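Engineer: Going from the sequence shown to the working numbering is simple: count from 1 and add 126.
By construction, the Cβ of each residue, glycine as well, lies at the ideal position given by its N, Cα and C atoms.
Since the structure is predicted, the reported quantities are computational estimates derived from the model, not experimental observations.
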Amino acid sequence: MKTIYKTTILLAFISLAQLTYAGFVSNDIPNDLLKSRAVAMGDVNNDGNIDIYVGNRIEQNKLWLGNGDGTFTNSDISGDDTGNTTDVVMADFNSDGNLDIYVLEWYMKNKLWLGNGDGTFTNGNISTEPDEGSSAYGGVAVGDIDNDGDIDIYNVPYGASTQNTLWLNDGNANFTLGTTIPLDGVAVYYDVVMTDLDADGNLDIYQTTRQYNKQNKLWMGNGDGTFTNNDITNDLCLDANGGCPGGSVSTGDIDNDGDIDLYLTAYYDYSSMNLNKFWINDGSANFSSQTITDDYGDTAQDSELVDIDNDGDLDILIAMYYNRQNIIWINDGNGNFTQDNIIGDTGYSFSLVVGDVNNDNELDIYIANGDYGIDDNKLWLQDTQAPIITLSGNDPETIEVGTMYTDAGASCTDNIDPTCSVTSGGTIDTSVIGTYTLTYDAIDSVGNIATQISRTVHVVNTDIVPPVITLNGNHTQTLYLNDTYTEDGAVCSDDNDSSCTVIITGNVDTTVEGSYIIYYDAQDISGNDALQITRTVIVKKKSSSSGSIKVSKATLKEIFGTSEDTTIDESLTISEIKPKIGEGKLCDAPHLLTQNLKAGARDGYYHSYTKEQVSEVKILQTHMNRLGFNSGVVDGILGPITDGAIKRMQITLGIFADGYVGPITRALINTSC
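1. Examine the Cβ distances between the stretch 536-548 and the stretch 504-513 and report whether three or more of them are shorter than 8 Å.
2. Only counting the same chain, and skipping five residues up and downstream in sequence, which positions put a Cβ closer than 6 Å to that of G194?
3. Can you name the residues that DSSP bridges to G378?
4. Measuring straight from C-alpha to C-alpha, what distance separates G351 and T334?
5. Does DSSP put K706 in a helix, in a strand, or in coil?
6. Give a yes or no on whether the C-beta atoms belonging to Y332 and L388 are separated by under 8 Å.
7. What residue range is occupied by the uninterrupted beta strand (DSSP E) comprising V558?
8. Three-state secondary structure (DSSP) at L189?
9. Taking all protein chains shown into account, do 16 or more other C-beta atoms lie within 10 angstroms of the C-beta of A534, making it buried, or fewer, making it exposed?
10. What's the C-alpha gap between I406 and Y284?
11. In the DSSP output, which residue or residues are listed as bridge partners for Y315?
12. Can you grab the Cα-Cα spacing for the pair M530 / I643, in whole Å?
13. Please report how far the alpha carbon of N171 lies from the alpha carbon of D244, in whole angstroms.
14. Taking the continuous beta strand (DSSP E) assigned at T291, which residues delimit it?
15. Assuming the contact rule is C-beta atoms closer than 8 Å, T627 and Y646 should be a hit. Round their C-beta distance to whole Å, please.
16. In the DSSP assignment, find the unbroken beta strand (DSSP E) run with S253 in it and report its ends.
17. According to DSSP, simplified to helix, strand and coil, what is F219?
18. What is the DSSP secondary structure of Q603, counted as helix, strand or coil?
19. Going straight from the alpha carbon of S429 to that of K504, what length do you get?
20. Going by alpha carbons, who is nearest to V375 out of E613, D383, L390?
21. For V229 versus G250, is the C-beta spacing smaller than 8 Å?
22. Determine the closest residue to T577 out of I515, T556, N495, with distance taken between C-alpha atoms.
23. Relative to the C-alpha of M446, which residue among I434, I493, N382 is closest?
24. Compare the beta carbon distance of I456 and N467 with 8 Å and say whether it is the shorter of the two.
25. DSSP three-state label for L597, please.
26. Note down the Cα distance separating I595 from S625, rounded to an integer number of angstroms.
27. I271 and G347 look like a contact to me (Cβ under 8 Å); what is the Cβ gap, rounded to whole Å?
28. Given a cut-off of 8 Å, decide if V312 and Q337 are closer than it, judged by their beta-carbon atoms.
29. Measure the beta-carbon distance from S162 to V180 and round it to whole angstroms, keeping in mind my assumption that it falls under 8 Å.
30. Tell me F476's beta-bridge partners as DSSP assigns them.
31. In or out: E639 buried (at least 16 other Cβ within 10 Å) or exposed?
32. Among the residues of its own chain, which have a CB less than 6 Å from the CB of D521, if the five just before and after it don't count?
33. Quick one: measure Cβ to Cβ for D357 and K343, integer angstroms, because I've assumed they're closer than 8 Å.
34. Considering only residues of the same chain and omitting the five flanking positions on each side of V314, which have a CB-CB separation below 8 Å?
35. If you draw a straight line from the alpha carbon of D695 to that of S557, how long is it in whole angstroms?
36. Counting C-beta neighbours from all protein chains within 10 Å, is the total for I590 16 or more, i.e. buried, or is it exposed?
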């Protein structure tokens, strides 16, 4: 149940900045669940933010002080806790620059709260208004009806034995009863507006009835507080079931011709047989009827004409009762309307009001739900603002080729809609040098699209250090024919890359005697090649089929100091091959090699036994060859003597002193028994 004056007050708070209609996001006020029937908006504490006053049935009326961001703080008026509110309006009744609140009650005393400008109020009830239980009012309209510069009040009855009531203000909120406007046999009027319908500068009054076969009333103001009747022909409530145009009424220039038109809803039209109706004004208060296809009254309780999409023409908002969908009709400016409802906006809605509650220059909607107190009152914030995307991490980013890249992502913020989320696009191939672009997009729940942002990622190669290969096992291995070759493999490491892989080529055929080379290579992700390394695998036949070496007396005499025929097996211990008593010095293990090799001379010296200049290595190798321990490739330690040959010789002779591979030191060789 609205008045034209309420709409005028609200428009004073709405910026003329260009808006783009998108949709609405739910932003209900916590604990705003009451049996609400009426609502008004205005800045009651002069902080520049819209506040909301909600009238309830047999409950505390609520005052919500706006914080300017779409949130509210409760500040109920003390003593405003009983009543049965049917309508409410905000206006400055005492001319002090502060908004006051007038509350219309059903069979209760009406209330006038005079604002102190800080969100508090002083009781200023009109003393001569009827007391509790003696009158029932349905709607209120306010405006300067007598052109004296202050705000007057006009009430319409919603029950038997109640009169239309005009209260004329003296400018200080002192009211006297004005001209009595006749009821014309109507006991139930539902809504009323004040506006200048004939463009004469005086406010007129239009009031609707829900009483069967009764006329909605149009009273043309004379500018002095008196009126002339000018009812619209055929403006009757003709449905005995109550479904007649005569529910709520709202005003505005719906056809953009410069005058004020009327929009009526058909109340309680459960059968959906009666359409809501426009009365199109010609500027002189002569009206013609128009309707919108499928704009049925159903359970309509309240309506507003307001340019919700800011395209220069008025749209229609309708509050529906009995858990129906509340309606929004969008006007294209050519008399064509398209329904664009807020999804989920259903309830037992009684009243609605519009205003910019979060200071974003967009009209928001508050809907008072409630006869049964089962629905929260609804606050819908209009959302035309796109989300804002913010990158996390750096832009641009540079990464090394072959490394793993993890996108730092992005976040999105939306001052109205908290449900926005970011989606990303684009791929990066970290194995390929190049420049890549990642994109980030977001859309909120009503379809506002964020400005896309991007991140540039450079994949580069700054690695010039090759990997290093390390063999597992020995560089040289010796196998006998038909042995099984097991590859020990190799590992590679790289200071820059997380991993590299060794590639092994070459093969060993243990059925064929020979020397085989296995090659080990590696390359890092940057393309740097490791220094190739190799392993030599020697495949040979055993010295004899028995695994033993036959040594002649002369050889034994020369090497071991004995002339006895002896079979020397590779597994013989020193005790089995040491000289006999009387046939040479008895030597124990650490000196056996020196004794038997007769290696007293140093490198390059003339040797008395061999009659030539020889080296220790040559002497050692010569005698090893005689024992069947053939040399392999040069290993750089003792010349041509391979690690394997020395090891086998040590095992044979039982010598384990001085370590391994280089275990036979010069001191050991040159020390005699």
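Structural biologist: According to the structure shown:
1. yes
2. In the sequence shown, the residue the question calls residue 194 occupies position 68. Excluding five sequence positions before and after G194, the CB atoms of its chain that fall closer than 6 Å to its own CB belong to N175, N485, given in chain order.
3. Sequence index remark: in the sequence shown, residue 378 carries index 252 (1-based). G378 is bridged to D387.
4. The residue labelled residue 351 in the question sits at position 225 within the sequence shown. The residue labelled residue 334 in the question sits at position 208 within the sequence shown. G351 and T334: Cα-Cα distance of roughly 20 Å.
5. Numbered from 1 along the sequence shown, position 580 holds the residue referred to as residue 706. Bear in mind that the predicted position of K706 carries a pLDDT of just 41, short of 50, making it unreliable; the figure below should be weighed with that in mind. K706: coil per DSSP, three-state reduction.
6. Here residue 332 corresponds to residue number 206 of the sequence shown, with the count starting at 1. Here residue 388 corresponds to residue number 262 of the sequence shown, with the count starting at 1. For Y332 and L388, yes; Cβs fall inside 8 Å.
7. For this step, residue 558 is matched to residue 432 along the sequence shown. Here V558 belongs to no beta strand (DSSP E), and DSSP marks it neither H nor E.
8. On the sequence shown, residue 189 is found 63 positions in, with the first residue counted as 1. It is a strand residue.
9. Here the question's residue 534 lines up with position 408 in the sequence shown. With fewer than 16 Cβ atoms within 10 Å of its Cβ, A534 is classed as exposed.
10. Indexing the sequence shown from 1 puts residue 406 at position 280. Indexing the sequence shown from 1 puts residue 284 at position 158. The straight-line gap from Cα to Cα measures roughly 27 Å.
11. Position 189 of the sequence shown, counted from the start, is the residue given in the question as residue 315. Looking at the DSSP assignment, Y315 forms a beta bridge with T335.
12. Translated into positions along the sequence shown, residue 530 becomes position 404. Translated into positions along the sequence shown, residue 643 becomes position 517. For M530 and I643, the distance between alpha carbons rounds to 36 Å.
13. If you number the sequence shown from 1, residue 171 lands on position 45. If you number the sequence shown from 1, residue 244 lands on position 118. So the alpha carbons of these two residues sit roughly 4 Å apart.
14. The count along the sequence shown starts at 1 and reaches residue 291 at position 165. That run of the beta strand (DSSP E) goes 291-295.
15. On the sequence shown, position 501 is the one that residue 627 refers to. On the sequence shown, position 520 is the one that residue 646 refers to. With 8 Å as the limit, T627 and Y646 do not qualify as a contact, their Cβ atoms being about 11 Å apart.
16. For the purposes of this step, residue 253 is taken as residue 127 along the sequence shown, with counting starting at 1. For S253, there is no enclosing beta strand (DSSP E), as DSSP marks it with neither H nor E.
17. Locating residue 219 in the sequence shown gives position 93, where the first residue counts as 1. Three-state result, F219: coil.
18. The count along the sequence shown starts at 1 and reaches residue 603 at position 477. Here Q603 sits in strand by DSSP.
19. Start at 1 with the first residue of the sequence shown, and residue 429 comes out as number 303. Start at 1 with the first residue of the sequence shown, and residue 504 comes out as number 378. Computed Cα separation, rounded: 15 Å.
20. Numbered from its first residue, the sequence shown carries residue 375 at position 249. Nearest of E613, D383, L390 to V375, Cα basis: L390.
21. Against the sequence shown, residue 229 aligns to sequence position 103. Against the sequence shown, residue 250 aligns to sequence position 124. Cβ distance not < 8 Å, so V229 and G250 don't count as in contact.
22. The sequence position of residue 577 within the sequence shown is 451, counting from 1. T577 has its Cα closest to that of I515, out of I515, T556, N495.
23. The count along the sequence shown starts at 1 and reaches residue 446 at position 320. If we check each option's Cα against that of M446, I493 comes out closest.
24. The residue given as residue 456 occupies position 330 in the sequence shown. The residue given as residue 467 occupies position 341 in the sequence shown. Cβ atoms of I456 and N467: not closer than 8 Å.
25. Here residue 597 corresponds to residue number 471 of the sequence shown, with the count starting at 1. Reduced to three states, the DSSP call for L597 is strand.
26. By 1-based counting over the sequence shown, the position of residue 595 is 469. By 1-based counting over the sequence shown, the position of residue 625 is 499. Using only the alpha carbons, I get a separation of about 12 Å.
27. As a working mapping, residue 271 is identified with position 145 in the sequence shown. As a working mapping, residue 347 is identified with position 221 in the sequence shown. At roughly 6 Å, the Cβ-Cβ gap stays under 8 Å, so I271 and G347 are in contact.
28. Walking along the sequence shown from the start, residue 337 turns up at place 211. Walking along the sequence shown from the start, residue 312 turns up at place 186. For Q337 and V312, yes; Cβs fall inside 8 Å.
29. Indexing the sequence shown from 1 puts residue 162 at position 36. Indexing the sequence shown from 1 puts residue 180 at position 54. Indeed, because the Cβ distance is near 5 Å, the residues count as touching under 8 Å.
30. Here the question's residue 476 lines up with position 350 in the sequence shown. Looking at the DSSP assignment, F476 forms no beta bridge with any residue, so it has no partner.
31. Position 513 of the sequence shown, counted from the first residue, corresponds to residue 639. Classification of E639: exposed, given that the 10 Å Cβ count is below 16.
32. Residue numbering aside, residue 521 sits at position 395 when the sequence shown is read from its first letter. Shown here for D521: same chain residues with a beta carbon closer than 6 Å to its own, the five before and five after excluded, namely R581 in chain order.
33. Taking the first residue of the sequence shown as position 1, residue 357 is located at position 231. Taking the first residue of the sequence shown as position 1, residue 343 is located at position 217. Confirmed, Cβ separation roughly 6 Å.
34. Locating residue 314 in the sequence shown gives position 188, counting from the first residue. Cβ contact annotation for V314 (same chain, cutoff 8 Å, sequence separation greater than five): G264, P283, Y284, G285, T335, R336, Q337, in chain order.
35. What you label residue 695 is simply residue 569 of the sequence shown in a count that begins at 1. What you label residue 557 is simply residue 431 of the sequence shown in a count that begins at 1. With a pLDDT of 35 at D695, under the threshold of 50, the predicted position of this residue should be treated as unreliable, and no value is reported.
36. Indexing the sequence shown from 1 puts residue 590 at position 464. That one is exposed.
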